[in-house]
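Written below as structure tokens is the structure these notes are about.
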Amino acid sequence: MPAASSSAPVRSTSSSLKRPPAAERVYTHIKEAVLDRRYEGGTLLTEGDLADAVGVSRTPVREALLRLEVEGLIKLYPKKGALVLAVSAQEIKDVVETRLLVEEFAARKAVPASPRLIERLEQLLEEQRQLAEAGDLAAVAVTDRCFHAEIVKHAGNEILSRLYDQLRDRQLRMGVAVMEAHPGRIEANITEHGELLEAIRAGDADGAALVVRRHVGRVRELVRGEDR
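Right, here's the structure in full:
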């Protein structure tokens with residue numbers, strides 16, 4: 001198993017009025033690195049390396065690792081370290097099925113769309129284009145996810161929105177994996193987001209749901225390695 005590198009310490013700034021607690025800094029460092037695949041599935045993280053990377057003692061590292069194990073991102077092995085868990089086929093299936101249920105419903109409910117929703121989707125689509133040109137895959141994945149979350153939010157169902165929020169980490173991790181393995185998918189995602197925006201703008205609920213079904217289904221194929 002590859003070992004984690006301690007060569008990328010978390011940046012600190014003297015302008016910060018109050019730094020987050022040490023355990024929170026470690027938690028953020030590890031979680032961001034797992035989600036954007038700097039720590040890939042199969043990477044073994046050690047308390048010592050993590051403490052050096054963040055500039056803290058080992059006690060807050062242990063606290064952060066326990067929290068991340070509860071979230072299902074790592075598995076702790078006493079006296080060895082923490083193993084970053086790979087995304088399983090079952091997890092992919094579960095996430096895609098949940099996304100389809102939530103996002104197809106939300107796409108229909110978002111029609112007719114408010115001017116506020118249309119404006120926000122246009123902004124996010126432009127941000128995604130700019131980030132893609134800059135090659136910032138982690139930021140592209142975040143903006144991609146925000147685009148879909150905005151539609152879900154405007155469906156007007158708080159319970160559904162909270163359910164969708166629980167998928168966030170898994171979506172980001174899978175999104176970065178797809179873009180790294182299939183660079184052409186970045187432009188395809190942007191194109192499909194544009195199609196979804198136009199369907200919503202036109203008041204075409206069925207068309208919007210169809211775009212969602214194709215878009216999310218294609219992501220499933222790519223994450224599972226079915227694209228040849």
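Residue numbers (full-length UniProt numbering): 1 to 228.
Glycine included, every Cβ here is placed at the ideal spot set by N, Cα and C.
Asked, Found
"State the CB to CB distance for the pair GLN128 and PHE147, rounded to an integer number of angstroms; the pair is presumed to be in contact (CB under 8 Å).", "7 Å"
"With a 10 Å radius around its C-beta and 16 neighbouring C-beta atoms as the bar for buried, classify PRO60 as buried or exposed.", "buried"
"If you count every other CB in all the chains shown that lies within 10 Å of the CB of GLN171, and 16 or more means buried, which is it?", "buried"
"Pick helix, strand or coil for TYR39, following the three-state DSSP scheme.", "coil"
"Can you tell me whether ILE186 is buried or exposed, with buried defined as 16 or more other CB within 10 angstroms of its CB?", "buried"
"Hey, how far is the Cα of HIS215 from the Cα of LEU117?", "20 Å"
"Applying the criterion that 16 or more other CB atoms from any shown protein chain within 10 Å of the CB defines a buried residue, is SER12 buried or exposed?", "Reliability fails at SER12, whose pLDDT of 47 lies under 50, so the model's placement of it is uncertain and the value that follows must be treated cautiously. Exposed is the call here."
"Within a Cβ cutoff of 8 Å, which residues of the same chain sit near ARG62, ignoring the five residues on either side of it in sequence?", "GLU47"
"Would you kindly check if the distance between the Cβ of GLU180 and the Cβ of PRO37 is under 8 Å?", "Sequence inspection shows Arg at residue 37; the Pro mentioned does not correspond to that position. For ARG37 and GLU180, yes; Cβs fall inside 8 Å."
"Which ranges does the alpha helix (DSSP H) cover as unbroken runs of at least 4 residues, wholly within the segment 90-170, from first to last along the chain?", "115-134, 137-153, 158-165"
"Pair every Cβ in the segment 88-100 with every Cβ in the segment 132-145, then say whether three or more of these pairs are closer than 8 Å.", "no"
"Once DSSP output is grouped into helix, strand and coil, what is the label at GLY48?", "helix"
"Between which two residues does the alpha helix (DSSP H) harbouring residue 265 extend?", "This structure leaves residue 265 out entirely; the chain is present only between 1 and 228."
"Considering only the alpha carbon of each residue, which of GLY81, VAL70, LYS75 lies closest to ARG58?", "GLY81"
"What is the rounded straight-line gap between the Cα of LEU121 and the Cα of ALA208?", "14 Å"
"Just reading off the beta strand (DSSP E) that LEU76 is part of, what are its end residues?", "74-77"
"Taking the alpha helix (DSSP H) that PRO183 falls in, what are its first and last residues?", "Counting along the chain, PRO183 falls outside any alpha helix (DSSP H), and DSSP gives it neither H nor E."
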